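Be aware that the sequence shown starts at 0, since it is given in numbering that gives the first Met the number 0, and climbs by one per residue. Worksheet for the structure shown next.
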Amino acid sequence: MIKVIYEDNHLLVVVKPINMPTQEDNSKDLDLLNALKKYIKEKYNKPGNVYLGLVHRLDRPVGGVMVFAKTSKAASRLNEQIKNNLVKKTYYAVICGNLSGKGSFEDYLIKDEKKNISYVSDKGKYSKLNYEVIGNKDNKTLVKINLITGRSHQIRVQFSSRDYPLYGDMKYNKRAKLNEQLALFSKELEFIHPVTKEVMKFSVDLPNAYPFNLFS
């Protein structure tokens, strides 16, 4: 069951389940986009195909708050906000090692599409995030992250390149184990409503699961 936290004629804001693909991939597992189209079709008894605009993505292992557009006009306006860095995305992550204080990471990141991994390269796209440490425990750190740019695997790459890989990250943490869950969660989302122009803010609880519950 997907939790819907806000819905009107233009928007659908939901909590993406952990380990569900945002959109259809090679696994052919049920993805969030198609599940929500089915939800709209059944709720409103809509004939034919349902439009739902995907304006941002979360990696499959990452859960948390996401917004979808129910009209092409809303999608276009939200995409414009994302392009102009007007959408505020706040993530929480548990990283390996003890980090302190707050700061920014700035890099140029490039993606290897064949291997589906990103890395730091002078030939890449400018990437920036701001972070603030919330707590430390058992050689792990809970970090609040404001994503300024939205590159593929950006948070995971920028922290791992500084030897602070995310807990459970099978792609970028060499010490991660098979049974560990990637500790990255989209906790807060803020944007301007594409029609009413109202500032919309949404916040959801962190998972009550290890390693997030170390800090509760």
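Where is the CB? At the ideal position from N, CA and C, for every residue including glycine. Quick caveat: nothing in here was measured; it's all calculated off a predicted structure.
L128 to K37 span [Cα, whole Å]: Position 129 of the sequence shown, counted from the start, is the residue given in the question as residue 128. Position 38 of the sequence shown, counted from the start, is the residue given in the question as residue 37. For L128 and K37, the distance between alpha carbons rounds to 35 Å.
Between Q153, T140, L77, Q22, which lies nearest to Y209 when the distance is taken from Cα to Cα? Taking the first residue of the sequence shown as position 1, residue 209 is located at position 210. It is T140 whose Cα lies nearest to the Cα of Y209.
What beta strand (DSSP E) runs, 3 residues minimum, are completely inside the segment 124-198? Correct list: 124-136, 139-146, 183-191.
Run through the DSSP bridge pairs and tell me what A68 is partnered with. Walking along the sequence shown from the start, residue 68 turns up at place 69. Per DSSP, L10, G52.
Return the chain-ordered list of same chain residues with a C-beta closer than 7 Å to the C-beta of N33, the five sequence neighbours on each side being excluded. The residue given as residue 33 occupies position 34 in the sequence shown. The residues are E23.
At least 3 beta-carbon pairs within less than 8 Å: the segment 133-148 vs the segment 54-71: no
Where N44 and D30 are concerned, what is the direct C-alpha to C-alpha distance, given to the nearest angstrom? Your numbering for residue 44 matches position 45 in the sequence shown. Your numbering for residue 30 matches position 31 in the sequence shown. Here the alpha carbons of D30 and N44 stand approximately 21 Å from one another.
Three or more C-beta pairs under 8 Å: does that hold for the segment 185-192 against the segment 149-169? no
Between the alpha carbons of V12 and T148, how many angstroms are there, rounded? Looking up residue 12 in the sequence shown gives position 13. Looking up residue 148 in the sequence shown gives position 149. Cα-Cα distance, rounded: 21 Å.
Which residues in the same chain as Q80 place their Cβ atom closer than 7 Å to its Cβ, once the five residues preceding and following it in sequence are excluded? Residue mapping note: residue 80 aligns to position 81 of the sequence shown, counting from 1. V86, F190, I191, listed in sequence order.
CA nearest to the CA of L205, picked from Y50, L51, V61: The sequence position of residue 205 within the sequence shown is 206, counting from 1. L205 has its Cα closest to that of V61, out of Y50, L51, V61.
Cut-off 6 Å between Cβ atoms - residues of its own chain near G123, not counting five sequence neighbours on either side: Numbered from 1 along the sequence shown, position 124 holds the residue referred to as residue 123. Excluding sequence neighbours, G123 sits near Y107, L108, I109.
For S75, the three-state DSSP class (helix, strand or coil): Working through the sequence shown from its first residue, we reach residue 75 at position 76. Three-state result, S75: helix.
Taking 8 Å as the threshold (C-beta atoms), are L35 and L51 in contact? Reading the sequence shown from its first residue, position 52 is the one you call residue 51. Reading the sequence shown from its first residue, position 36 is the one you call residue 35. Cβ atoms of L51 and L35: closer than 8 Å.
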